[in-house]
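Heads up, the sequence shown is in our numbering, so the first residue is 23 and it goes up one at a time. Think of the CB as a built atom: it goes at the ideal place given N, C-alpha and C, for glycine as much as any other residue. Structure record follows, encoded as structure tokens.
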Amino acid sequence: MEDYVVTIKTKAYGEIQVAEDSYIHFKREILGFENYHYYYLIEMRDLPTFYWLQSREEPDLAFIVVNPRLFKPDYMLSIDDIDRDLLEIDENDEIIDFAIVNIPEDINKMTMNLLGPIVINTTKRIAIQAISLNNDYGTKVSLFNPDKEVYAEQDRNEETAKNI
């Protein structure tokens, strides 16, 4: 059977070629982006640790994602039965998960969302943004100090309050 290649437009690389059937179907969409259901996972050319989660429907919509265990080795994915059902997980399916990364102007303040991981059943090419059952995880966990939750706005407000 031949693999068919299609050209897609991406936010990071312009037009690239991908296998036509390599897209991932989000059965539960990314929070705030409910109108987008299909994405490609594209390895970053200069930073192979990171990936682009590129929308098939909107070329300007892409998320940077990373395997959270590379920065927080003790991270454990914990999802509920509803999420498992949405992912149609069988015992032989391969499941991978990613954290969405936020890169501010100061890259030393990069964070990852461990509370809302992207979970992909690679066998069936189905994905969801899950809500972690582990309440110890946050939405802005520092990549460079993964045991610290980053609340830049809250920290600024507290500092301002101290100065008043």
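Should residue i be labelled buried (16 or more other beta-carbon atoms within 10 Å of its own) or exposed?
i: Asp119; result: buried
i: Thr133; result: buried
i: Asp105; result: buried
i: Val87; result: buried
i: Asn185; result: With a pLDDT of only 43 at Asn185, under the threshold of 50, the placement of this residue in the model should not be trusted; the figure read from the coordinates follows. Under this definition Asn185 is an exposed residue.
Report all residues from its chain with a CB closer than 7 Å to the CB of residue i; omit the five preceding and five following residues, and keep chain order.
i: Pro168; result: Phe93 and Lys94
i: Asp82; result: Lys33
When the Cα of residue i is compared with those of the options, which residue comes out closest?
i: Ile38; options: Ile125, His47, Ile64 and Ile101; result: Ile64
i: Arg50; options: Ala41, Tyr61, Glu42 and Ser44; result: Tyr61
i: Ile153; options: Val163, Ile125 and Asn135; result: Asn135
i: Arg78; options: Asp102, Ser164 and Tyr58; result: Tyr58
Kindly indicate the opening and closing residues of the beta strand (DSSP E) around residue i.
i: Asp119; result: Ile117 to Asn124
i: Leu75; result: Phe72 to Ser77
i: Arg50; result: Ile46 to Arg50
i: Ile140; result: Thr133 to Asn143
i: Ile64; result: Tyr60 to Glu65
i: Ile111; result: Taken as a continuous stretch (DSSP letters only), Ile111 belongs to no beta strand (DSSP E), as it is neither H nor E.
i: Glu127; result: Glu127 -> no beta strand (DSSP E), and no H or E assigned at all.
i: Ile153; result: Segment: none, Ile153 is in no beta strand (DSSP E) and carries neither H nor E.
i: Glu42; result: Run containing Glu42: none; DSSP gives neither H nor E here.
i: Phe85; result: Ala84 to Val88
i: Ile101; result: Premise fails: Ile101 is in no beta strand (DSSP E) and is neither H nor E.
Grab me the residues of residue i's own chain with a C-beta within less than 8 Å of its C-beta, minus the 5 sequence neighbours each way, in chain order.
i: Glu116; result: Asn143, Thr144 and Thr145
i: Tyr45; result: Tyr60, Tyr61, Tyr62, Arg78 and Arg147
i: His47; result: His59, Tyr60, Arg147, Ile148 and Ala149
Whose C-beta lies closer than 6 Å to the C-beta of residue i among residues of the same chain, with five residues either side of it excluded?
i: Thr29; result: Glu37 and Gln39
i: Leu137; result: Ser154, Tyr159, Gly160 and Thr161
i: Ile122; result: Phe85, Val87 and Asn135
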